[in-house]
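The structure under discussion appears below in the form of structure tokens.
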Amino acid sequence: MKTSLFMVSGIVHPFLAFPPSLVWVSINNLSKSEIILPLSANITQATVLVLDQCNTLSFAAAVDPMRAANRQAGRTLFEWTFATPTDAAITLTSGLSVQAAPVARVQRCDVLIVVAGFEVEAQTTPTLCASLARLGTTARSVIGIDGGPWVMAQSGLLDGLSATTHWEDLEKFSRHFPDVHTVNARYQIADARMTSAGAAPTIDMMLAFIETEHGAALAGKVAASFVLDHQPDPLRPQWRRPLGRLGSRVTTRAHEMMENNLDQPLSLTQIAKSSGVSTRVLQSHFRTHLRTTAQAHYLILRLTEAQRLVTQSHMSLHEIGLATGFASQSSFARAYRRAHGASARVQRKTGLPRDQI
Numbered sequence: 012m013k014t015s016l017f018m019v020s021g022i023v024h025p026f027l028a029f030p031p032s033l034v035w036v037s038i039n040n041l042s043k044s045e046i047i048l049p050l051s052a053n054i055t056q057a058t059v060l061v062l063d064q065c066n067t068l069s070f071a072a073a074v075d076p077m078r079a080a081n082r083q084a085g086r087t088l089f090e091w092t093f094a095t096p097t098d099a100a101i102t103l104t105s106g107l108s109v110q111a112a113p114v115a116r117v118q119r120c121d122v123l124i125v126v127a128g129f130e131v132e133a134q135t136t137p138t139l140c141a142s143l144a145r146l147g148t149t150a151r152s153v154i155g156i157d158g159g160p161w162v163m164a165q166s167g168l169l170d171g172l173s174a175t176t177h178w179e180d181l182e183k184f185s186r187h188f189p190d191v192h193t194v195n196a197r198y199q200i201a202d203a204r205m206t207s208a209g210a211a212p213t214i215d216m217m218l219a220f221i222e223t224e225h226g227a228a229l230a231g232k233v234a235a236s237f238v239l240d241h242q243p244d245p246l247r248p249q250w251r252r253p254l255g256r257l258g259s260r261v262t263t264r265a266h267e268m269m270e271n272n273l274d275q276p277l278s279l280t281q282i283a284k285s286s287g288v289s290t291r292v293l294q295s296h297f298r299t300h301l302r303t304t305a306q307a308h309y310l311i312l313r314l315t316e317a318q319r320l321v322t323q324s325h326m327s328l329h330e331i332g333l334a335t336g337f338a339s340q341s342s343f344a345r346a347y348r349r350a351h352g353a354s355a356r357v358q359r360k361t362g363l364p365r366d367q368i
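For the sequence shown, my numbering gives the first residue as 12, with consecutive numbering after it.
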């Protein structure tokens, strides 16, 4: 199956290239028509619900593995159509516009995929939740990507289950949805629910989904088509600042401990002991592999998180200082200015460009 992009009045419209047995719906009537796809034991019918300001890479990561599976299988295994919260077009973070029928008009589907990003709370209306709750009762699987788990949880689709979301929202998600077991993982599978923390883990999650639907051999072919030669552990914690290939086993373990203890910084002695080395060896690993000291690395992690909270949260500066391990406002202010070139108060007023968030 192929997806066409149709340009009308400067807006890109994604269409499902339906089989000959299906009737095309004109662009003018799309938002007023019900989407009725014939369910088949051999073809998985997916509805991809896209919210405004979702990440373009997350959007592609949800859809393109299904396209690749069809290509590698040599036949149509997945068919999908797009839906939006209302009949208004939505805009991805890249500026790409998607015009589709509102999800309220979707009668049924095998798989519901929810892709969301920024401003997800404002978009998660009672009407949208009602549509998800209705489709969730009959869909074989419901998949949430990036901000999608928030919409699923608000709709009651994750109650009593384990789920993850983007690391920036984990704490807030956990507080807001006490009936959901929130885990810090790349992606999480719980019964018929799948949740992913962002674009990169979504590719891995969709490969797992394809494997469940059609076997490991096909999933392997799809991975190879994307030149993916490894599949990370889905339960591996998300990191605010990944080390990439530079770290060693010791620095990786120490980095993980640091990220998990930003509000109450651990001593180097504690970190070294938990990493199974002496403090001297710990410092040696940081200098050799990361070209810095363990203390400086820890401080950068704390101040990077502080900048995120300053520019993207409503927490007071005092609360941010405490949340990133600074006992006094004066020490927090000095460290913040040295690290970011401006005071926290100034950066809160001016903010950061969206492409730096």
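The beta carbon of each residue, even a glycine, is placed where N, CA and C say it ideally should be.
Remember, it's a predicted structure, so these values are computed and weren't measured experimentally.
V238: which of T55, P76, V61 and Q64 sits nearest, CA to CA?
As a working mapping, residue 238 is identified with position 227 in the sequence shown. Looking at T55, P76, V61 and Q64, the one whose alpha-carbon comes closest to that of V238 is P76.
Report yes if the CB atom of V125 is closer than 8 Å to the CB atom of M163, and no otherwise.
Counting from 1 along the sequence shown, the entry for residue 125 is found at position 114. Counting from 1 along the sequence shown, the entry for residue 163 is found at position 152. The answer is yes: Cβ separation under 8 Å.
Residue range of the beta strand (DSSP E) that includes M205
Locating residue 205 in the sequence shown gives position 194, counting from the first residue. That run of the beta strand (DSSP E) goes R204 to S207.
Candidates A73, T304 and L273: closest to A334 by CA position:
Along the sequence shown, read from residue 1 onward, the residue named residue 334 stands at position 323. Selected option, being the one with the closest Cα: L273.
Quick one: grab the DSSP three-state call for F343.
Your numbering for residue 343 matches position 332 in the sequence shown. Here F343 sits in helix by DSSP.
Roughly how many angstroms lie between the CA atoms of T262 and A196, to the nearest whole one?
Against the sequence shown, residue 262 aligns to sequence position 251. Against the sequence shown, residue 196 aligns to sequence position 185. So the two alpha carbons sit approximately 20 Å from each other.
I think L168 touches G147, with their Cβ atoms under 8 Å apart; what is that distance to the nearest whole Å?
The count along the sequence shown starts at 1 and reaches residue 168 at position 157. The count along the sequence shown starts at 1 and reaches residue 147 at position 136. With 8 Å as the limit, L168 and G147 qualify as a contact, their Cβ atoms being about 5 Å apart.
Contacting residues, own chain, Cβ-Cβ under 6 Å from K232 (five flanking each side not counted)
Here residue 232 corresponds to residue number 221 of the sequence shown, with the count starting at 1. Excluding residues within five positions, the ones whose Cβ falls inside 6 Å are Q83.
Taking C-beta to C-beta, are S173 and A201 nearer than 8 Å?
Within the sequence shown, numbered from 1, the residue matching residue 173 stands at position 162. Within the sequence shown, numbered from 1, the residue matching residue 201 stands at position 190. In this structure, A201 lies closer than 8 Å to S173 by Cβ.
Out of curiosity, what's the CA-to-CA distance linking E132 and T193?
Numbered from its first residue, the sequence shown carries residue 132 at position 121. Numbered from its first residue, the sequence shown carries residue 193 at position 182. Using only the alpha carbons, I get a separation of about 17 Å.
Give every residue of the same chain whose Cβ lies closer than 7 Å to the Cβ of D190, excluding the five residues on either side of it in the sequence, and list them in chain order.
Mapped onto the sequence shown, residue 190 falls at position 179. Cβ neighbours of D190 beyond the five flanking positions: D170 and G171.
Per DSSP, which one or two residues make a beta bridge with H192?
One-based indexing of the sequence shown puts residue 192 at position 181. Per DSSP, S173.
Go ahead and label W35 buried or exposed: buried means 16 or more other beta carbons lie within 10 angstroms of its beta carbon, across all protein chains shown.
What you label residue 35 is simply residue 24 of the sequence shown in a count that begins at 1. Caution applies to W35, whose pLDDT of 28 falls short of 50 and renders its modelled position unreliable; the model cannot decide the point.
A199 bridges to which residues according to DSSP?
Numbered from its first residue, the sequence shown carries residue 199 at position 188. Here residue 199 turns out to be Gln, not Ala, going by the sequence shown. DSSP lists T206 as partners of Q199.
Could you tell me the distance, in whole angstroms, from the CA atom of S339 to the CA atom of T315?
As a first step, residue 339 is located in the sequence shown; it is residue number 328 there, counting from the start. As a first step, residue 315 is located in the sequence shown; it is residue number 304 there, counting from the start. Whole-angstrom Cα-Cα distance: 18 Å.
Determine the burial state of V292: buried for a count of at least 16 other Cβ atoms within 10 Å of its Cβ, exposed for fewer.
Mapped onto the sequence shown, residue 292 falls at position 281. It counts as exposed.
Does the beta-carbon distance from M269 to S285 come in below 8 Å?
Start at 1 with the first residue of the sequence shown, and residue 269 comes out as number 258. Start at 1 with the first residue of the sequence shown, and residue 285 comes out as number 274. Result no, Cβ atoms of M269 and S285 do not sit closer than 8 Å.
Start-to-end residues for the alpha helix (DSSP H) that takes in T263:
Translated into the one-based positions of the sequence shown, residue 263 becomes position 252. Taken as a continuous stretch (DSSP letters only), the alpha helix (DSSP H) holding T263 covers R260 to E270.
Alpha-carbon to alpha-carbon, F337 and P160:
The residue given as residue 160 occupies position 149 in the sequence shown. The residue given as residue 337 occupies position 326 in the sequence shown. Rounded to the nearest angstrom, the two C-alpha atoms are 32 Å apart.
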